[in-house]
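Below: one structure, written as structure tokens.
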Amino acid sequence: MRVGEVHFQVALRQLPCCNELSFCLASPLFEHQPFIVTWNIPDLVCKRYNISLDTSAFKGVPGQFLSLFYTDRLGLYPHIDLKSRKEFYGGIPQRANLKASLEKARADINYYIPSMTNRGLAVIDWEEWRPLWDRNWGTKRIYQTLSVAHVMQANLSLSVQQATVKAKQQFQEAARNLMSGMLALGRAMRPNYLWGFYLFPNCYNYGWKDQHYTGQCSKEVRRQNDELLWLWESSTALYPSVYLQVAALMVRNRVQEALRVSALPGWSATAPVFVYMRPVFVDDNKRFLSQPELTVTFMPTMSACKFVSTTIVILFIPLSISPLQLSCEALSFYLTSTLNPYITNVTTAAQLCSDFLCRGNGRCVRKNYKSSHYLHLNPESFRVVNTQKRYFVLGSPSLADLKSLSRRFNCQCYKGLKCTPRTYKELAKSNRAGVYFSLESNLETKFQSYHTSINPTPILASVLYLTVFGLIRPLIL
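Taking full-length UniProt numbering, the leading residue of the sequence shown gets 1, the next gets one more, and so forth.
Okay, structure coming up:
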């Protein structure tokens, strides 16, 4: 498989025991939607070429849900330009002016997130150095070198070994104060946003070219992540990333590590899962992920996360193909031909499983975490239709579809709700029709019900699923 990168973000929290699976979930970020795909791709460039991008299958639009804070958009981030060796704001955390940085960050948050009531994601993307000393390898060793020099300048009597010990202590303490301070400020100013740092936690489970690659996180990495307890306690979201190679193994283990560290603070609150995905190959920006490749990256996150209420995929596609007009044309074709139909399929499948198996009060997870059972619509029972840039799913689940759900999946209840999985006999009892809905222009959902049997063969609530803009809400009658 080619080298490709998919950014995978997860926001998780430990949950109290409240059902037969020994945990419960907070309600989804968006009501009745256990799996959501949202859009974070600025399309203004494409509009200059009069090329429209069909984003009707997505939940969100740029500027309304995700705020990404780069190095120059939040505070005074100390870092070094590796090419010019120029130091910004002190270069290393020890030299940073924390007070001035927080004052600047306050203005930045007010500017980039003007609303104090909206809900959304706040991702801080600081990648120049890592808060643990030992993780600054390769080109990042310059932060260790400058930190040691900083100590020796203050005390010329210290040996290099003594200065290194002191430099490590100073570096980690300063990094902690800066990062936790930013998170605390963000939580205080915009409590409805989920705050966290991009790429945290990391599993460092590379080596996928090894014949015996397992994707597991090493004991040393897990120990180091334990040292970052202060970061997990300060965050309301976790945002690890994965690569496409051997994605199922990498995703499973990185998600598991994120779940493990999310439990370290011992809190009872929960947050949704966030998958930050770039569906193009790093070494070939002209090639988008095919449907099988989308499955490899989407599915391990969708029904395998044990302690999270919602999986949200946030798409980011860099328009870096030259010339730019061709990039927009390629993206437009990819959306309509591959991505939008696939998104409609998997979001509907997740909702169908939630409603039918979990009574609408929970989300479906695989009974066997390591299995390859994924939530897709059976093409013999459903079909995706695109009409006037609206995506619909037409069809109803067969007895075989329902039996497959019952055999392969279990339910995790949302907090305060009961979602005991329906048995196969329960699923096969009813032959009454459900409801369909149409989405009005003001985004209010209008429900219409009918009670006519669609199929003389007994099935549970034969439902005509009409998913508009990726939103569905059938009723089980």
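For glycine and all other residues, C-beta sits at the position ideal for the given N, C-alpha and C. Predicted model, so just to flag it, every value in this text is computed and none were measured.
Cβ neighbour criterion (16 or more within 10 Å) applied to residue i
i	result
residue 355	buried
residue 146	buried
residue 70	exposed
residue 490	Residue coverage of the chain in this structure runs from 1 to 477, which leaves residue 490 outside it and unanswerable.
residue 227	exposed
residue 383	exposed
residue 308	In this prediction, residue 308 has a pLDDT of 47, which is less than 50 and means its spatial position is unreliable; nothing more can be read from the coordinates.
residue 239	buried
residue 48	exposed
residue 85	exposed
residue 167	buried
residue 223	exposed
residue 205	buried
residue 108	buried
residue 82	exposed
residue 351	buried
residue 456	Below a pLDDT of 50, predicted positions are generally treated as unreliable, and residue 456, at 26, falls in that range; the measurement from the model is reported next regardless. Exposed: under 16 other Cβ atoms inside 10 Å.
residue 66	buried
residue 391	buried
Cut-off 8 Å between Cβ atoms - residues of its own chain near residue i, not counting five sequence neighbours on either side
i	result
residue 136	129, 130, 143, 144
residue 332	46, 51, 52, 53, 54
residue 235	183, 195, 196, 197, 200
residue 406	357, 421, 422, 423, 424, 427
residue 336	54, 386
Residues near residue i in its chain [Cβ-Cβ closer than 7 Å; skip 5 each side]
i	result
residue 159	none
residue 361	413, 414, 417, 418, 419
residue 207	213
residue 127	199
residue 376	345, 346, 349
residue 163	148, 151, 152
residue 353	364, 375, 405, 409
residue 181	98, 102
Residue(s) in a DSSP beta bridge with residue i
i	result
residue 366	409
residue 346	Its beta-bridge partners do not exist; DSSP assigns none.
residue 120	193
residue 87	80
residue 387	390
residue 69	124
residue 75	Residue 75 is not bridged to any residue.
residue 382	395
Cβ shell of residue i (< 6 Å), same chain only, five flanking positions each side left out
i	result
residue 389	54, 56
residue 87	80
residue 261	201, 225, 232
residue 264	229, 232
residue 294	342
residue 210	none
The ligand FAD heavy atom lying under 7 Å from the CB of residue i
i	result
residue 352	Absent from the structure shown: the ligand FAD. Ligands present: none.
Item to complete: Note down, one range per segment and in chain order, each alpha helix (DSSP H) of at least 4 residues found wholly within the region 198 to 240.
Response: 219 to 227, 229 to 234
Discussion item. Count Cβ pairs between the region 413 to 422 and the region 392 to 400 that sit closer than 8 Å; are there 3 or more?
Written reply: no
Worksheet item: Quick one: complete alpha helix (DSSP H) runs, 4+ long, within the region 126 to 158?
Response: 141 to 154
Discussion item. Within 8 Å, do at least three Cβ pairs link the region 157 to 175 to the region 90 to 102?
Written reply: yes
Item to complete: Quick one: which unbroken beta strand (DSSP E) runs of 3-plus residues sit fully inside the region 89 to 114? Chain order, please.
Response: none
Practice prompt. Taking 8 Å as the threshold, find out whether the region 107 to 119 comes into contact with the region 177 to 192 through three or more Cβ pairs.
Written response: yes
Discussion item. Within 8 Å, do at least three Cβ pairs link the region 99 to 108 to the region 65 to 83?
Written reply: yes
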